[in-house]
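Chemist: Take this structure, written in structure tokens, and hold onto it; I'll ask about it next.
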Amino acid sequence: MSKVKILWADDEIDILKPQIMFLESKGYEVWPVTNGHDAIDRCQESQPDVVFLDESMPGLSGLETLTGIKEVNANLPVVMITKNEAENIMEEAIGKQITDYLIKPVNPNQILLTLKKIINKAELITDTTNSAYQQEFSKIFSEIQMGPDWKEWVDIYKKLVYWELELEKTTRKEMQEVMAMQKVEANKEFSKFIVRHYPNWMNGKEDGPTLSQDLFKDKLMPRFESNVPNFLILIDNLRYDQWKIIQPLLSEYYRFEEEDTYYSILPTCTQYSRNAIFAGLPPSELAKRYPKHWKHDYEEGGKNMHEDFFLQENLKRLGYQIKTDYIKVTNHENGKNLVDNIHNLLENDLTVIVYNFVDMLSHARTELEVLKELASDESAYRSITASWFEHSPLFEALKRISEKKVNLVVTTDHGTIRVQHASKVIGDRNTTTNLRYKMGKNLNYDRKDVLEIRDPKSVCLPQPNISSSFIFAKEDIFFVYPNNYNYFANYYRNTFQHGGISLEEMIIPIAKFTSK
């Protein structure tokens, strides 16, 4: 392995000879220079691994030298060494992206520790994180096997997401593969748990989590504050791990207050879960009360065209007489209008914004080869979500009102899972096309792969025909018809789908922020 090369710029470099000799005895190569001009020239001629830079040099100052070095190589780690702890100088140095700073006089061990943090950071993070996850692995495994209740499943899922994101920062893949296998095992047990308990939750025979139809009553309106503009942001199809990636971006502008969860109903898809959220009613009751506003899967036309109406009806039943606005953003033009009009919405008591980008990304990734490459795995999918949010009209609009006194609640209607295993299903021509659930007559399927609901009314689902039934895919399974089976199994494998039973689809984040 080649020596780590250190460029050290200080006008009193001769006084630093003991420190330089110490570093050389530890195997480092040190290039001493006495001024900023020589430091910049050396960076242009050669490629040091790290720069130690005196803040107070005659001629070109440390900050001016820092600017010149960053113009040559923006990613080069620079450690500022200063005897001046003035706040404005350090703020400027940090703003120009120094990696670290040391206060004179510096001793050799300080320098060595700083070098290890910079040069060996990735390796140190990998070793520490892998060791910590190894200790947690057995605990999580035991929790999964001990028959957790719905609250404990939330805790398990949060732990899995936490370690997935932590291990993503490491350089070795072995523990990431172990983590992926543990998530598969968790979903296997979670699917069994949902099969046992979900019907009882829906028909009131057993206490369970807040479900989609009770979200406004149980979780959202209790967070409502009078005399303050309240914004509910529903980002369609946003998983908990994707939420954790964009949370820090919002936290720069808003004070994070609390995080909560609820469970999406089945099918975990927009037509059922989001309509239930806004209506405050399960799908069977929705179809019964509002037959003109509900469309069955096999019927033509949009399935989420009446959310504003459902919202107003729900608020009325809950006893709220407030000024409300509902905005749905499905394209960039809608997003620009949101940015332009965001200050006008401060006059409302409650503004609901439904943003559809992540759902569109999920569907587009299935169809477009370029997006399959860009979002090739879970990590890349999260990265694209974060990049979208950071540059989205939604984030721009929220930044514009961040200095106003507002309440902000962020949630979603369901998540999505990357599917891996195909399962054959046979149905008639009116059978739904969704890959994670099917509704139809005379369905034939592998019973071990599904939760089967022969009486839809027993789980508060509409039953368009007397022989209609539902099946929901467990774990990472997706449904494929026998015709051209191999082609479609390969085409849809590794795509992100929703509608079935998984931790990713069913355990949904709710986060509250207030103005700083």
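Each residue of the sequence shown is one higher than the one before, counting from 1 in the working numbering. In this text, a Cβ means the ideal position worked out from N, Cα and C, and glycines have one as well.
What residues match up with F513 in a beta bridge as DSSP calls it?
Modeler: As a working note, residue 513 is residue 513 in the sequence shown. In DSSP, F513 forms a bridge with F256 and L408.
Chemist: If we call anything under 7 Å between Cβ atoms a contact, is L408 one with F513?
Modeler: Reading the sequence shown from its first residue, position 408 is the one you call residue 408. Reading the sequence shown from its first residue, position 513 is the one you call residue 513. In contact: L408 and F513 (Cβ atoms closer than 7 Å).
Chemist: Can you give me the C-alpha to C-alpha distance between Q247 and L232, rounded to a whole angstrom?
Modeler: For the purposes of this step, residue 247 is taken as the residue at position 247 of the sequence shown. For the purposes of this step, residue 232 is taken as the residue at position 232 of the sequence shown. Rounded to the nearest angstrom, the two C-alpha atoms are 15 Å apart.
Chemist: So, E475 versus N187, is the Cβ gap smaller than 7 Å?
Modeler: Against the sequence shown, residue 475 aligns to sequence position 475. Against the sequence shown, residue 187 aligns to sequence position 187. It is a contact, given that the beta carbons lie within the stated cut-off.
Chemist: Based on Cα-Cα distance, which residue from D127, M146, E185 and W201 lies nearest to R172?
Modeler: Mapped onto the sequence shown, residue 172 falls at position 172. Residue nearest to R172 within the set D127, M146, E185 and W201 is D127 (criterion: CA-CA distance).
Chemist: Out of S458, K448 and P462, point me to the one whose CA is closest to N533's CA.
Modeler: As displayed, the chain neither begins before 1 nor continues past 516, which places residue 533 out of reach and without an answer.
Chemist: For N526, is the classification buried or exposed, using 16 other Cβ atoms within 10 angstroms of its Cβ as the cut-off for buried?
Modeler: The question about residue 526 has no answer, for the chain in this structure spans 1 to 516.
Chemist: Please report how far the alpha carbon of N356 lies from the alpha carbon of D41, in whole angstroms.
Modeler: Along the sequence shown, read from residue 1 onward, the residue named residue 356 stands at position 356. Along the sequence shown, read from residue 1 onward, the residue named residue 41 stands at position 41. C-alpha separation (whole angstroms): 51 Å.
Chemist: If you run the structure through DSSP and keep just helix, strand and coil, what is W294?
Modeler: Counting from one through the sequence shown, the residue named residue 294 turns up at place 294. Reduced to three states, the DSSP call for W294 is coil.
Chemist: Leaving aside the five residues before and after V72 along the sequence, list all residues of the same chain whose C-beta is less than 7 Å from its C-beta, in chain order.
Modeler: Reading the sequence shown from its first residue, position 72 is the one you call residue 72. For V72, where only same-chain residues beyond five positions count, the Cβ hits under 7 Å are I40, C43 and Q44.
Chemist: Does DSSP put F517 in a helix, a strand or coil?
Modeler: Residue coverage of the chain in this structure runs from 1 to 516, which leaves residue 517 outside it and unanswerable.
Chemist: Should the region 330 to 337 be regarded as contacting the region 301 to 309, the criterion being three or more beta carbon pairs within less than 8 Å?
Modeler: no
Chemist: Bridge partners of Y263, per DSSP?
Modeler: Your numbering for residue 263 matches position 263 in the sequence shown. DSSP lists L211 and I507 as partners of Y263.
Chemist: From V4 to T170, what distance separates their C-alpha atoms?
Modeler: Start at 1 with the first residue of the sequence shown, and residue 4 comes out as number 4. Start at 1 with the first residue of the sequence shown, and residue 170 comes out as number 170. Their backbone Cα atoms lie some 21 Å apart in a straight line.
Chemist: Return yes when the Cβ of Y272 is within less than 7 Å of the Cβ of M506, no when it is not.
Modeler: The residue you call residue 506 lines up with position 506 of the sequence shown. The residue you call residue 272 lines up with position 272 of the sequence shown. Not in contact: M506 and Y272 (Cβ atoms no closer than 7 Å).
Chemist: Under 8 Å, with one C-beta from each stretch per pair, do the region 382 to 398 and the region 484 to 493 reach the 3-pair mark?
Modeler: Verdict: no, contact absent.
Chemist: Going by C-alpha distance, which of Y437, E24, I111 and E164 is nearest Y240?
Modeler: The sequence position of residue 240 within the sequence shown is 240, counting from 1. The residue among Y437, E24, I111 and E164 with its C-alpha nearest the C-alpha of Y240 is E164.
Chemist: Rounded to the nearest angstrom, what separates F141 and L451 at their Cα positions?
Modeler: Counted from its first residue, the sequence shown places residue 141 at position 141. Counted from its first residue, the sequence shown places residue 451 at position 451. Between F141 and L451, the C-alpha separation is close to 24 Å.
Chemist: Among K438, G36 and K70, which one has its Cα closest to the Cα of G59?
Modeler: Sequence index remark: in the sequence shown, residue 59 carries index 59 (1-based). Comparing Cα-Cα distances from G59 to each of K438, G36 and K70, the minimum goes to G36.
Chemist: Just mark H391 as buried or exposed, buried being the case when its beta carbon has 16 or more other beta carbons within 10 Å.
Modeler: As a first step, residue 391 is located in the sequence shown; it is residue number 391 there, counting from the start. Result: exposed.
Chemist: Would you tell me roughly how many angstroms separate the C-alpha atoms of I81 and K104, rounded to the nearest one?
Modeler: To locate residue 81, count along the sequence shown from 1; it is residue 81. To locate residue 104, count along the sequence shown from 1; it is residue 104. Straight-line Cα distance between these residues: approximately 7 Å.
Chemist: Could you check the C-alpha separation between I417 and I401 for me, to the nearest Å?
Modeler: Along the sequence shown, read from residue 1 onward, the residue named residue 417 stands at position 417. Along the sequence shown, read from residue 1 onward, the residue named residue 401 stands at position 401. Answer to the nearest angstrom: the Cα atoms are 34 Å apart.
Chemist: Determine the DSSP secondary structure at E403, reduced to helix, strand or coil.
Modeler: To locate residue 403, count along the sequence shown from 1; it is residue 403. Three-state DSSP puts E403 in coil, outside helix and strand.
Chemist: Check whether the region 305 to 314 touches the region 189 to 200, counting contact only when three or more Cβ pairs, one atom from each stretch, lie closer than 8 Å.
Modeler: no
Chemist: Just verifying my parser: in three-state terms, what is the DSSP assignment at M1?
Modeler: Counting from one through the sequence shown, the residue named residue 1 turns up at place 1. Only weak support exists for where M1 lies, its pLDDT of 49 falling under 50; the coordinates are left without a value.
Chemist: Quick one: what's got a C-beta closer than 7 Å to V154's C-beta in the same chain, skipping five residues either side?
Modeler: Numbered from 1 along the sequence shown, position 154 holds the residue referred to as residue 154. Closer than 7 Å at the Cβ level, and outside the excluded window around V154, lie T261 and I507.
Chemist: Rounding to the nearest angstrom, what Cα-Cα distance links F256 and L249 in this structure?
Modeler: Here residue 256 is taken as the residue at index 256 of the sequence shown, counted from 1. Here residue 249 is taken as the residue at index 249 of the sequence shown, counted from 1. Cα to Cα, F256 sits roughly 11 Å from L249.
Chemist: Checking 7 Å against the spacing of the C-beta atoms, do F472 and A422 come in under that value?
Modeler: As a first step, residue 472 is located in the sequence shown; it is residue number 472 there, counting from the start. As a first step, residue 422 is located in the sequence shown; it is residue number 422 there, counting from the start. Contact flag unset, no.
Chemist: Since Y355 is in the beta strand (DSSP E), which residue starts that stretch and which ends it?
Modeler: For the purposes of this step, residue 355 is taken as the residue at position 355 of the sequence shown. Start and end: L350 to Y355.
Chemist: Taking the CB atoms as reference points, tell me whether Q213 and P291 lie closer together than 7 Å.
Modeler: On the sequence shown, position 213 is the one that residue 213 refers to. On the sequence shown, position 291 is the one that residue 291 refers to. For Q213 and P291, no; Cβs fall outside 7 Å.
Chemist: Could you tell me the boundaries of the beta strand (DSSP E) in which H421 lies?
Modeler: Here residue 421 refers to the residue found at position 421 when the sequence shown is read from its first residue. For H421, the enclosing beta strand (DSSP E) covers residues H421 to I426.
Chemist: To the nearest angstrom, how far is the alpha carbon of D413 from that of Y28?
Modeler: Sequence index remark: in the sequence shown, residue 413 carries index 413 (1-based). Sequence index remark: in the sequence shown, residue 28 carries index 28 (1-based). Rounded to whole angstroms, the gap between the alpha carbons of D413 and Y28 is 55 Å.
Chemist: Just curious, the alpha helix (DSSP H) that E468 is in, first and last residue?
Modeler: To locate residue 468, count along the sequence shown from 1; it is residue 468. The sequence shown places Ser at residue 468, not Glu. Counting along the chain, S468 falls outside any alpha helix (DSSP H), though it belongs to the beta strand (DSSP E) covering S468 to A473.
Chemist: At which residues does the beta strand (DSSP E) containing Y518 begin and terminate?
Modeler: What is shown of the chain runs 1 to 516, which leaves residue 518 out entirely.
Chemist: Cβ atoms of V78 and T114: under 7 Å apart, would you say?
Modeler: Sequence index remark: in the sequence shown, residue 114 carries index 114 (1-based). Sequence index remark: in the sequence shown, residue 78 carries index 78 (1-based). Their beta carbons are not under 7 Å apart, which means T114 does not touch V78 by this criterion.
Chemist: Buried or exposed: where does K17 fall if 16 or more other Cβ atoms within 10 Å of its Cβ makes it buried?
Modeler: The sequence position of residue 17 within the sequence shown is 17, counting from 1. Exposed is the call here.
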